[in-house]
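Worksheet: one structure, shown below.
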Amino acid sequence: MTRESGMIYALCFVLFMVGLYCVVVKKNLVKIVLGLAIMEYAVNLFLILIGYRKDGIAPIIDGATDAKTFAAASVDPLPQALVLTSIVIGLGVLTLMVALCIRLYERYGTFDITQIRRLRG
Amino acid sequence: MSIIPLFVAIPLASAFLIPMFSKRIRVFSDIFANVTTFILCVMSLGVIGRNAVYTVGLWKPPVGIAMALDGWSVLLLVTVNSISFCATVFSIKYMEQYTSKLRYYSLFLLMVAGMNGVVLSGDLFNLYVFLEIASIASYALVGFGCQHDELEASFKYLVLGSVASTFILLGVAVGYSLTGTLNMADISARLPHDSSTFIFMASCFILGFGLKAALVPFHAWLPDAHPSAPAPISAMLSGVLIKAIGVYALIRLIFNIFGLTPVLSHILLFFGTASMVIGVFLAIGQWDMKRLFAYHSISQIGYVMLGFGLATPLGILGAIFHLMNHAVFKGLLFLTAGSVEYNIHTRQLEEMGGLRERMPVTGFTSLVASMSIAGIPPLNGFWSKLIIIIACVQSGHYIFGLWAAFVSLMTLASFLKVQKFAFFGELKEHNKGVREVPVGMCLSMMILALLCVGMGLLLVPSVRAQLLDPAVASLLRGTEYAAWILSKG
Amino acid sequence: MKGMSLIVKTVTRWIKGFIFLFGIYIVLTGHLSPGGGFAGGVILASSFILLTLAFGKEVALSKLSKNMASELDSIGALMFLTIALLGMCCGGAFFVNFLHRSHPGEAFRLLSAGNIMLYNIAIGIKVGASLFMVFVIISAIKVVLKDDAMKMIRHK
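Protein chains in written order, with numbering that gives the first Met the number 0: chain A, 0 to 120; chain B, 0 to 488; chain C, 0 to 155.
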């Protein structure tokens, strides 16, 4: 691993931590949702970086190229498929979260989690 | 032709057929959902004792996606599908209180599909996808009532559940970067055990699945989420969901993929004992019936983890057996709590009392379940706890055995409290008009109560060889799991 | 006046069909170029969402009612599952690409990947319908400022 690529992975991790910080510390429901989204995207970015190769070619193989040289030159397509799936799942979760936020606002009249605490003990 | 993928396909299909066809004919959704879960239940009983690897789309592992059926998956399949059948029978009348029954059944069946998928998957990313299907359906089901408490609990569960899922996805990503494959068997074969990246990946998984299984440092969402859901869903969540997507996946990873090391074993022992003890202490002071049961779920999952952490054949047998037993008696307890709530519209123990005279079936089944969870001899809970304690003593972990016995006493105390305040004692004036719940609800409670009484028979050697022994064997073979899948594929 | 200004309405009237067409194109060529069922479905949904934004909800719902969208949602999922199960009958395993096995097409042609295109169509229908539903349902609630406090109003 070269120095630059290590740097990118580290930045990915920082982004993940920013999201986690947001989820743990913020008091506003919408900000918590945003924090979760940031965490999700950090992991997606990490997955894409795993498959990335500098000056790589698109992972489409035709009969002319042989598998060995192709594998050495192309980017890894699998993480891209994984990220697509994880984006779809993220969309589902995000939708549900936003719907819940709206419902909570209807019931409690606030987005502040310190005031939404009926359940305790 | 193998029926393995049908465990996922059938509930998925009926989840989408129900909203299409039952808009006009209302009874259709009840019949259809019950028939589906019944078929699944029969199918799961049919695969007992079988071992198979299924290649999806005829792509051989490690390239293609594999579905693997071994003793440990069969055990979970049987548990998930039988409890879900009882829960749907219970829902027919119970869910009349809520408005949209169609969506309820849709979400319910999606959750079942997700859990069956998690249990059968032999591919790490597929496991994550099925886990998310089951989790998203359960988030929506917890908030199904759309009242203040339900929404708050659902949001809390959703946030912590999503954090857990993100950590699991991070673990999958790190695992892929480390080994270049997603097939669980192949990962296990290629994993470098001494690298620091491996430790990072393992801790991501333990954190994620620990959150899903509500082990003690990560348990905060469970006592809110489980009581807020409708009763059949509480039974499903406490009974099987935390086991299928939490305990099953964690144990599969630790035993068959990572290979059990002393460090991992101590982590399991620590989490197990902490959950067991702290859960029961938090439970005993509760006055909300379902909340008390929910804290006991944490405590009982602690027993299961303790058994696995011992890593002796007897310990694993006890843990697996306790996992099944807990699904049955905790499911039953939540269903009885649901019947009480159905009649008197409260969960507070102070407002109950003497319900035994008015609701004989509920009272009796609840007594059976309470005695079973507390470990009174002929019932199933006694045998599994006994096995776990004996295993503790046998492997020299006397302290843990002592804690287990002590927690059992505390459990007895808190369930005596439930029985005393809810079902025995003076009948309150405002509860005089209470009647027994409808037949369907009674039926599903009776089935589970019968299971509570009869499940001790699973330990008879010839029966044990069918269900429990293969499960223990499939965990004990450790990382040879990889060789088995790759050779079969 | 319901909806947005005249300029937006006119432009929307011109381009909504093209957006829809582009969505169909992305769905159909998902196995050859970037895109596929999900991306195409999102574009399909976005043409309806544009309609909602420009003309108001009634116009969009008259083209695709909530009931219809919900049916399409289920139909898409069932179609996907049916094709996967057909693989079990015709090809021998779940998700087998049985069309490609019996009629292998020439590479990089529209009809070359067998079942993949059918899967993409099913996903496109499902994603398009359900994303539109999500937008309509969430937009049923509107936040307005009233006496210096945010207030939510539910449209029916």
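Note that the Cβ used here is the ideal one computed from N, Cα and C, for glycine as well.
From a predicted model like this one, the values you see are computed outputs, not experimental measurements.
Does L46 of chain A get closer than 7 Å to chain B when you measure Cβ to Cβ?
Taking the first residue of the first sequence as 1, we reach residue 46 of chain A at position 47. So, interface residue.
Under the three-state DSSP convention, the category G262 of chain B falls into
Here residue 262 of chain B refers to the residue found at position 263 when the second sequence is read from its first residue. Checking the sequence shown, residue 262 of chain B turns out to be Val, not Gly. Looking at V262 of chain B - three-state DSSP - the assignment turns out to be helix.
Can you give me the Cβ contacts of E435 of chain B inside the same chain, cut-off strictly under 8 Å, excluding the 5 residues immediately before and after it?
Residue mapping note: residue 435 of chain B aligns to position 436 of the second sequence, counting from 1. Result list for E435 of chain B: R357, M358, P359, V360, T361 and C441, in chain order.
Which residues, in order along the segment 92-106 of chain C, keep a beta-carbon less than 9 Å from a beta-carbon of chain A?
Taking 9 Å as the Cβ-Cβ cut-off, the segment 92-106 of chain C approaches chain A at A106, given in chain order.
Which value, in whole angstroms, describes the spacing of the CA atoms of L181 of chain B and A273 of chain B?
The residue you call residue 181 of chain B lines up with position 182 of the second sequence. The residue you call residue 273 of chain B lines up with position 274 of the second sequence. Cα to Cα, L181 of chain B sits roughly 33 Å from A273 of chain B.
Helix, strand or coil for K155 of chain C? Go by DSSP, reduced to three states.
In the third sequence, the residue the question calls residue 155 of chain C occupies position 156. Confidence in K155 of chain C is poor, its pLDDT being 46 and thus under 50, which makes the residue's placement unreliable; the coordinate value appears in the next sentence. Here K155 of chain C sits in coil by DSSP.
Distance between L16 of chain B and K155 of chain C (C-alpha atoms, nearest Å)
What you label residue 155 of chain C is simply residue 156 of the third sequence in a count that begins at 1. What you label residue 16 of chain B is simply residue 17 of the second sequence in a count that begins at 1. With a pLDDT of 46 at K155 of chain C, under the threshold of 50, the modelled position of this residue cannot be trusted; read the value that follows with caution. The alpha-carbon atoms of K155 of chain C and L16 of chain B are separated by roughly 27 Å.
Please check if any C-beta of chain B sits within less than 7 Å of the C-beta of L77 of chain C.
For the purposes of this step, residue 77 of chain C is taken as the residue at position 78 of the third sequence. So yes, L77 of chain C belongs to the interface.
Can you tell me where the alpha helix (DSSP H) holding V88 of chain B begins and where it ends?
On the second sequence, position 89 is the one that residue 88 of chain B refers to. Counting along the chain, the alpha helix (DSSP H) containing V88 of chain B begins and ends at G70 to Y93.
Which residues in chain B have a C-beta closer than 7 Å to the C-beta of G91 of chain A? List them in chain order.
Working through the first sequence from its first residue, we reach residue 91 of chain A at position 92. Under the 7 Å cutoff, chain B gives I135.
Consult DSSP for S194 of chain B and reduce its assignment to one of helix, strand or coil.
Here residue 194 of chain B refers to the residue found at position 195 when the second sequence is read from its first residue. S194 of chain B falls in the coil class under three-state DSSP.
So is K155 of chain C in contact with chain A if we call contact Cβ pairs under 7 Å?
Along the third sequence, one-based indexing puts residue 155 of chain C at 156. Residue confidence is low: K155 of chain C scores 46 on pLDDT, short of 50, so the model does not pin down where it sits. Its coordinate-derived value is still stated next. So, not an interface residue.
Mapping DSSP to helix, strand and coil, what is S443 of chain B?
Walking along the second sequence from the start, residue 443 of chain B turns up at place 444. S443 of chain B falls in the helix class under three-state DSSP.
Where A336 of chain B sits in the DSSP three-state scheme
Numbered from its first residue, the second sequence carries residue 336 of chain B at position 337. In this structure, A336 of chain B counts as helix in the three-state DSSP scheme.
Taking Cβ to Cβ, would you say V171 of chain B is nearer than 7 Å to A228 of chain B?
On the second sequence, position 172 is the one that residue 171 of chain B refers to. On the second sequence, position 229 is the one that residue 228 of chain B refers to. No, the pair does not count as a contact, with Cβ atoms beyond the cut-off.
Hey, does V417 of chain B have any beta-carbon neighbour from chain A nearer than 7 Å?
By one-based count along the second sequence, residue 417 of chain B stands at place 418. Answer no: the Cβ-Cβ gap between V417 of chain B and chain A never drops below 7 Å.
Measure from the C-beta of L63 of chain C to each C-beta in chain B and report whether the shortest distance is under 7 Å.
Against the third sequence, residue 63 of chain C aligns to sequence position 64. Judged by the 7 Å Cβ criterion, L63 of chain C is not in contact with chain B.
Take D111 of chain A and list the residues in its own chain whose beta-carbon comes closer than 6 Å to its own, dropping the five residues that flank it on each side.
As a working note, residue 111 of chain A is residue 112 in the first sequence. Excluding positions up to five away in sequence, the list reads K26.
The alpha helix (DSSP H) enclosing A293 of chain B, as first and last residue numbers
On the second sequence, position 294 is the one that residue 293 of chain B refers to. From DSSP, the alpha helix (DSSP H) with A293 of chain B extends over M288 to L309.
My understanding is that P47 of chain B touches V77 of chain B, with C-beta atoms under 8 Å, so please give their C-beta distance in whole angstroms.
What you label residue 47 of chain B is simply residue 48 of the second sequence in a count that begins at 1. What you label residue 77 of chain B is simply residue 78 of the second sequence in a count that begins at 1. Per the sequence shown, the amino acid found at residue 47 of chain B is Ile instead of Pro. The beta-carbon separation of I47 of chain B and V77 of chain B, rounded to 7 Å, stays under the 8 Å limit for a contact.
Considering only residues of the same chain and omitting the five flanking positions on each side of L313 of chain B, which have a CB-CB separation below 7 Å?
Mapped onto the second sequence, residue 313 of chain B falls at position 314. Only I386, I389, A390 and Q393 meet the Cβ criterion.
Whole-number beta carbon distance between S383 of chain B and H490 of chain B, since they are thought to touch under 8 Å:
Residue 490 of chain B cannot be examined here, being either before or after the span of chain B that is shown, 0 to 488.
Indicate the three-state DSSP secondary structure (helix, strand or coil) for V239 of chain B in the structure shown.
Taking the second sequence and counting its residues from 1, one reaches residue 239 of chain B at position 240. In the structure shown, V239 of chain B falls within a helical segment according to DSSP collapsed to helix, strand and coil.
Okay, do the segment 64-73 of chain C and the segment 112-123 of chain C touch, 3+ Cβ pairs below 8 Å being the bar?
Touching, no, given that fewer than three Cβ pairs across the two stretches are closer than 8 Å.
Taking only the alpha-carbon atoms, compute the straight-line gap between K1 of chain C and K8 of chain C and give it to the nearest angstrom.
Taking the first residue of the third sequence as position 1, residue 1 of chain C is located at position 2. Taking the first residue of the third sequence as position 1, residue 8 of chain C is located at position 9. Using only the alpha carbons, I get a separation of about 11 Å.
If we define contact as Cβ-Cβ less than 7 Å, is S195 of chain B a contact residue for chain A?
Within the second sequence, numbered from 1, the residue matching residue 195 of chain B stands at position 196. It does not; no Cβ of chain A falls within 7 Å.
Cβ neighbour criterion (16 or more within 10 Å) applied to W13 of chain C
In the third sequence, the residue the question calls residue 13 of chain C occupies position 14. So W13 of chain C ends up on the exposed side.
Taking only beta-carbon positions, decide if S111 of chain C is within less than 7 Å of chain B.
Your numbering for residue 111 of chain C matches position 112 in the third sequence. By this cut-off, S111 of chain C is not an interface position.
Exposed or buried, what is T196 of chain B when buried is set at 16 or more other beta-carbons lying within 10 Å of its beta-carbon?
By one-based count along the second sequence, residue 196 of chain B stands at place 197. It counts as exposed.
Any idea which residues DSSP pairs Q347 of chain B with across the strands?
On the second sequence, residue 347 of chain B is found 348 positions in, with the first residue counted as 1. Answer is B:D287, bridged to Q347 of chain B.
Please name the residue in B:G380, B:S28, B:L332 and B:T35 whose C-alpha comes closest to that of A8 of chain B.
For the purposes of this step, residue 8 of chain B is taken as residue 9 along the second sequence, with counting starting at 1. With distances taken between CA atoms, A8 of chain B lies nearest to B:T35 out of B:G380, B:S28, B:L332 and B:T35.
Between the beta-carbon of A243 of chain B and the beta-carbon of K211 of chain B, is there less than 7 Å?
As a first step, residue 243 of chain B must be located in the second sequence, where it is residue number 244. As a first step, residue 211 of chain B must be located in the second sequence, where it is residue number 212. 7 Å or more divides the Cβ of A243 of chain B from the Cβ of K211 of chain B.
Using a Cβ-Cβ cut-off of less than 7 Å, list which residues of the segment 139-162 of chain B approach chain A; keep chain order.
Residues passing the 7 Å Cβ filter: A139, G142, C145, H147, D148, L150, E151, A152, S153, F154, L157, V158, S161 and V162.
Taking the alpha-carbon of S85 of chain A as reference, which of A:L44, A:I115, A:I59 and A:F69 has the nearest alpha-carbon?
Translated into the one-based positions of the first sequence, residue 85 of chain A becomes position 86. Of A:L44, A:I115, A:I59 and A:F69, the residue nearest in Cα terms is A:L44.
Quick check: the segment 413-423 of chain B against the segment 202-219 of chain B, are at least 3 beta-carbon pairs closer than 8 Å?
Touching, no.
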